[in-house]
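Student: Each position in the sequence shown, counted from 1, maps to that position plus 19 in the numbering used here. Cβ atoms here follow ideal geometry from the backbone N, Cα and C, with glycine treated the same way.
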Amino acid sequence: MTEPTRQFSTYRHYQGGVYLVLTQGVHTETGEDLTVYACALSGKVFCRPTAMFHEVITENGYQGPRFIPFAQTYTKAQCKSLRYDDTAN
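1. What residue range is occupied by the uninterrupted alpha helix (DSSP H) comprising residue 72?
2. Taking residue 39 as the reference, give the member of 78, 67, 52 and 75 with the closest Cα.
3. Quick one: residues in its chain with C-beta nearer than 8 Å to the C-beta of residue 74, no 5 flanking neighbours on either side, listed in chain order?
4. What's the C-alpha gap between residue 43 and residue 54?
5. Taking residue 60 as the reference, which of 32, 25, 26 and 76 has the closest Cα?
6. With the cut-off set at 7 Å, would you say residue 57 and residue 64 are in Cβ contact?
7. Classify residue 47 as buried or exposed, calling it buried when 16 or more other Cβ atoms lie within 10 Å of its own Cβ.
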């Protein structure tokens with residue numbers, strides 16, 4: 020079993036989006052642990068297997084965690100600016 024993600028914690032996706040974990044769930048058919056999270060900008064809600072949420076990925080020259088935890092909570096405006104920080108050199 021994958022360690023659960025902390026509810027209401029904030030993460031940055033490796034591609035730059037900022038997300039808030041809403042809750043944990045369980046897939047009704049498979050019993051797999053799920054992480055339910057929302058985009059900080061749009062509010063759109065997503066659900067992903069918890070193991071996948073925490074996995075290390077290798078894609079387009081990036082190797083690291085899919086979601087990187089933030090140590091603090093950010094406002095919507097701060098989330099928007101963080102989204103584009105990863106394109107700055």
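Tutor: Let me spell this out:
1. 69-72
2. 67
3. 84 and 85
4. 5 Å
5. 32
6. yes
7. exposed
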